[in-house]
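Mapped onto the working numbering, the consecutive letters of the sequence shown carry residue numbers 590 to 651. Yeah, the Cβ is synthetic: ideal placement off N, Cα and C, and Gly gets one too.
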Amino acid sequence: MAKKVKLSETKYHCRDCKHSYDWHEKDYKGEFFLCRCPFFKYSKFLNKDHCEHFELKRNGKN
590 MAKKVKLSET
600 KYHCRDCKHS
610 YDWHEKDYKG
620 EFFLCRCPFF
630 KYSKFLNKDH
640 CEHFELKRNG
650 KN
């Protein structure tokens, strides 16, 4: 039986970055799981580890 792969245990993800925008693609629970980033050509996962361009959102606003 295959073991479940753990997601990394970092404090911040793309979801917390001020550069993430255009959240799209909802999962079966109705939560968004993809976003756009001005530094990447393709969509990124919101729960993915943050990148070198990461800047924390302030008070839930950009």
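Under DSSP, the beta strand (DSSP E) around residue i begins and ends at which residues?
i, result
"Asp616", "Note, Asp616: premise wrong, no beta strand (DSSP E); not H, not E."
Which residues share a DSSP beta bridge with residue i?
i, result
"Tyr610", "Arg625"
"Phe634", "Leu623"
Give the single residue among the options whose Cα lies nearest to the Cα of residue i.
i, options, result
"His608", "Phe643, Leu635, Asp616", "Phe643"
"Leu645", "Phe629, Lys600, Lys593, Cys606", "Cys606"
"Asn636", "Ala591, Lys618, Lys593, Lys600", "Lys600"
"Phe628", "Glu614, Arg647, Glu641", "Glu641"
Would you decide whether residue i is buried or exposed? Buried here means 16 or more other CB atoms lie within 10 Å of its CB.
i, result
"Cys603", "buried"
"Lys676", "Since the displayed the chain opens at 590 and closes at 651, residue 676 lies outside it and no answer follows."
Output needed for residue i: all residues of its chain with C-beta closer than 7 Å, excluding positions within five of it in sequence on either side, in chain order.
i, result
"Cys624", "Cys603, Ser609, Tyr610, Asp611, Trp612, Ser632, Lys633, Leu635"
"Phe621", "Trp612, His613, Glu614, Lys615, Leu635"
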